[in-house]
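Student: Before I ask anything, let me first share the structure, which is written out below as structure tokens.
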Amino acid sequence: MDAPGLHIVTLITDFGWHDVYVGQLKGILLKGCARILPVDLTHTIPPWDIAAAARCLYDSYSFFPPGTIHLVVVDPGVGSERRLLAAAGQAHYFVAPDNGILTYLLADNLISQARCLEISAKAAILSPTFHGRDILAPAVSRLAGGCPLEQLGPPLALHELVKFEESNATATISTGILAGQILSVDHFGNIRTSFHPQRDNISISHLSAVAIKNIMVTKQVQYYSEAPRDIPCFLIDSGGYIEIAINQANAAQTIQCMPGDPLCLHFKTTPP
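Put into structure tokens, the structure is as follows:
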């Protein structure tokens, strides 16, 4: 990387905003390269939820220009022997623990190379509980400052990178019914399901209802205000997932559900 001007670095963590961790992370980034522009994608990933971080990265990276560095720190194995890596693909860079955060990118062959980060002998601080600040952030600063990826450490074979196994979110219960679960709930209370019609080859036109907590959600809309007030509806959200929502109300609170809860899709005919 040797483009002039500011270097965009996106941040995805499970740190929350209550503590100083996000600020310290940004401080090290800027201390290493003053030309960094940090962009907070989210710091409210559920604690230790690697899969949620992986989805956030996969769904968001392409909205940024080529050369963007994406720093992800969701690291339940911090301080252990798990590897830390820097990877590249699609003209983007990804710096994260090797714990499954790149799972979706690897599945779509979007990563072209990866390096195992080497710990600098010059590191002023090296806490066993904050490798995001003490190892990952300095690596990002080096990239932003023009250091080639190849100089960050030895190569890693892509097939050796850690990938997690998701539960079968589209298992057939019976003819015309698919089982899934709630992936996440956003600030508005909208419920993202585990179904992505384009990726899962689901025909949305054949969908008749989403069953959740003994409620059959049958109203299908294209946008929120198309639905009557107080009536649960389903639609395709901005990430391409099937979402359950209530027009100007909190669907998750109304239905009393949370991530991980089961749900089902019901079809008019057997889905393709």
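Each residue of the sequence shown is one higher than the last, beginning at 1210 in the working numbering. Ideal Cβ positions, reconstructed from N, Cα and C, are used throughout, including at glycine. Please read all numbers here as calculations on a predicted model, not as lab measurements.
Taking 8 Å as the threshold (C-beta atoms), are A1458 and D1470 in contact?
Tutor: Numbered from its first residue, the sequence shown carries residue 1470 at position 261. Numbered from its first residue, the sequence shown carries residue 1458 at position 249. Not in contact: D1470 and A1458 (Cβ atoms no closer than 8 Å).
Student: Are the beta-carbon atoms belonging to L1387 and C1442 less than 8 Å from one another?
Tutor: On the sequence shown, position 178 is the one that residue 1387 refers to. On the sequence shown, position 233 is the one that residue 1442 refers to. Result no, Cβ atoms of L1387 and C1442 do not sit closer than 8 Å.
Student: Tell me H1301's beta-bridge partners as DSSP assigns them.
Tutor: Taking the sequence shown and counting its residues from 1, one reaches residue 1301 at position 92. Note: H1301 sits in a beta bridge opposite G1298.
Student: Return the chain-ordered list of same chain residues with a C-beta closer than 8 Å to the C-beta of L1361, the five sequence neighbours on each side being excluded.
Tutor: Looking up residue 1361 in the sequence shown gives position 152. Around L1361: A1295, R1324, L1326, E1327, A1348, R1351 and L1352.
Student: When you compare the CB positions of G1309 and V1371, do they come within less than 8 Å of one another, or not?
Tutor: Looking up residue 1309 in the sequence shown gives position 100. Looking up residue 1371 in the sequence shown gives position 162. Yes; because the gap between Cβ atoms is below 8 Å, this pair is in contact.
Student: Identify the continuous beta strand (DSSP E) that holds D1249 and give its terminal residues.
Tutor: Here the question's residue 1249 lines up with position 40 in the sequence shown. Run containing D1249: I1245 to T1251, per the beta strand (DSSP E) assignment.
Student: Under a three-way DSSP split, which group does E1359 fall into?
Tutor: By 1-based counting over the sequence shown, the position of residue 1359 is 150. Residue state, collapsed to three classes: helix.
Student: With distance defined between alpha-carbon atoms, name the residue in D1228, D1446, T1338 and L1358 nearest to F1303.
Tutor: Numbered from 1 along the sequence shown, position 94 holds the residue referred to as residue 1303. Nearest of D1228, D1446, T1338 and L1358 to F1303, Cα basis: L1358.
Student: Could you name the residues of the same chain whose beta carbon sits closer than 8 Å to that of V1218, not counting the 5 residues immediately before and after it, in chain order?
Tutor: As a position in the sequence shown, residue 1218 is number 9, starting the count at 1. Excluding sequence neighbours, V1218 sits near L1238, I1245, L1246, P1247, V1248, T1277, I1278, H1279, L1280, V1349 and A1353.
Student: Mapping the DSSP letters down to three states, classify R1292 as helix, strand or coil.
Tutor: Position 83 of the sequence shown, counted from the start, is the residue given in the question as residue 1292. Coil at R1292, not helix or strand.
Student: By the DSSP assignment, the beta strand (DSSP E) with S1417 in it spans what residues?
Tutor: In the sequence shown, the residue the question calls residue 1417 occupies position 208. Residues L1416 to I1421.
Student: Going by beta carbon distance, what residues of the same chain come within less than 6 Å of Q1269, once the five residues before and after it are set aside?
Tutor: To locate residue 1269, count along the sequence shown from 1; it is residue 60. Note on residue identity: the sequence assigns Ser, not Gln, to residue 1269. Closer than 6 Å at Cβ, skipping near neighbours: L1250.
Student: Excluding the 5 residues preceding and the 5 following F1404 in the sequence, name in chain order all residues of the same chain whose CB lies nearer than 8 Å to its CB.
Tutor: Along the sequence shown, read from residue 1 onward, the residue named residue 1404 stands at position 195. The residues are A1378, T1379, L1387, G1389, I1411, Y1450, I1451 and L1474.
Student: Using the C-alpha atoms, what's the distance from T1427 back to A1418?
Tutor: For the purposes of this step, residue 1418 is identified with residue 209 of the sequence shown, where counting begins at 1. For the purposes of this step, residue 1427 is identified with residue 218 of the sequence shown, where counting begins at 1. Rounded to the nearest angstrom, the two C-alpha atoms are 4 Å apart.
Student: So, for L1200: in the same chain, excluding its five sequence neighbours on each side, which residues have a beta-carbon less than 6 Å away from its beta-carbon?
Tutor: This structure cannot settle anything about residue 1200, because the visible part of the chain is limited to 1210 through 1481.
Student: So which of D1409, H1301, H1415 and V1394 has the shortest CA-CA distance to I1453?
Tutor: Position 244 of the sequence shown, counting from 1, holds the residue named residue 1453. For I1453, the nearest C-alpha among the options comes from V1394.
Student: Hey, quick one: how far does the beta strand (DSSP E) through P1471 stretch, first residue to last?
Tutor: Your numbering for residue 1471 matches position 262 in the sequence shown. Going by DSSP, P1471 is part of the beta strand (DSSP E) stretching over P1471 to F1476.
Student: Give me the Cα-Cα distance between T1253 and N1399, rounded to the nearest whole angstrom.
Tutor: As a position in the sequence shown, residue 1253 is number 44, starting the count at 1. As a position in the sequence shown, residue 1399 is number 190, starting the count at 1. For T1253 and N1399, the distance between alpha carbons rounds to 16 Å.
Student: With 16 as the cutoff for other CB atoms within 10 Å, does H1368 come out buried or exposed?
Tutor: On the sequence shown, residue 1368 is found 159 positions in, with the first residue counted as 1. It is exposed - the Cβ of H1368 has fewer than 16 other Cβ atoms within 10 Å.
Student: Could you round the C-beta distance between A1263 and Y1230 to whole angstroms and report it? I think they count as a contact, below 8 Å.
Tutor: Here residue 1263 is taken as the residue at index 54 of the sequence shown, counted from 1. Here residue 1230 is taken as the residue at index 21 of the sequence shown, counted from 1. A Cβ-Cβ distance of about 20 Å is found for the pair A1263 and Y1230, leaving them out of contact under the 8 Å criterion.
Student: Here's the rule I'm using: 16 or more other beta-carbon atoms within 10 Å means buried, otherwise exposed. How should I1334 be labelled?
Tutor: Residue numbering aside, residue 1334 sits at position 125 when the sequence shown is read from its first letter. Exposed.
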